[in-house]
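Number 60 in our numbering belongs to position 60 of the sequence shown; there are no gaps in the numbering.
Where is the CB? At the ideal position from N, CA and C, for every residue including glycine.
This report concerns only the one structure given below.
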Amino acid sequence: MSKHETYAAVWDAIADTPEQAANLRARAELMQQIVAIINASGWKQSEAAERCGVTQPRINDLLRGRVSRFSLDALVNIATALGRRVHLALDAA
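Take a look at the structure:
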């Protein structure tokens, strides 16, 4: 019989290290907020791409939640292009 491991979040389960899990979590949260802005604005993918300074296929990746295709830098740049400022907070682990 195999032992079942439990994790606090999906990112902890799929990442090799706590650092990778934290990076995935941060990227996913930022992506969700950017997607919410795009959806609330009612933009088509091509319009969102123009406003975000990226290509339409990149917006498609964003809307489909493809976290692995975006760095934190890229997501901060997209948020900034949308007129947003990104704030970071550190919480005790």
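Residue of the options minimising C-alpha distance to residue i
{"i": "I37", "options": "C52, T17, S68", "result": "C52"}
{"i": "A92", "options": "A22, K3, H4, D16", "result": "A22"}
Opening and closing residue of the alpha helix (DSSP H) in which residue i lies
{"i": "D73", "result": "72-81"}
{"i": "E29", "result": "18-41"}
{"i": "D61", "result": "56-63"}
{"i": "S46", "result": "45-52"}
Proximal residues to residue i (C-beta, below 6 Å), its chain only, five neighbours per side dropped
{"i": "Q56", "result": "Q45, S46, A49"}
{"i": "V86", "result": "V76, A79"}
{"i": "L90", "result": "none"}
{"i": "R69", "result": "D61"}
Outcome for residue i when other beta-carbon atoms lying within 10 angstroms are tallied against a minimum of 16
{"i": "K62", "result": "Per the sequence presented here, residue 62 reads as Leu, with Lys not at that position. That one is buried."}
{"i": "R27", "result": "buried"}
{"i": "R66", "result": "exposed"}
Same chain, Cβ closer than 8 Å to residue i, five either side skipped, listed in chain order
{"i": "H4", "result": "none"}
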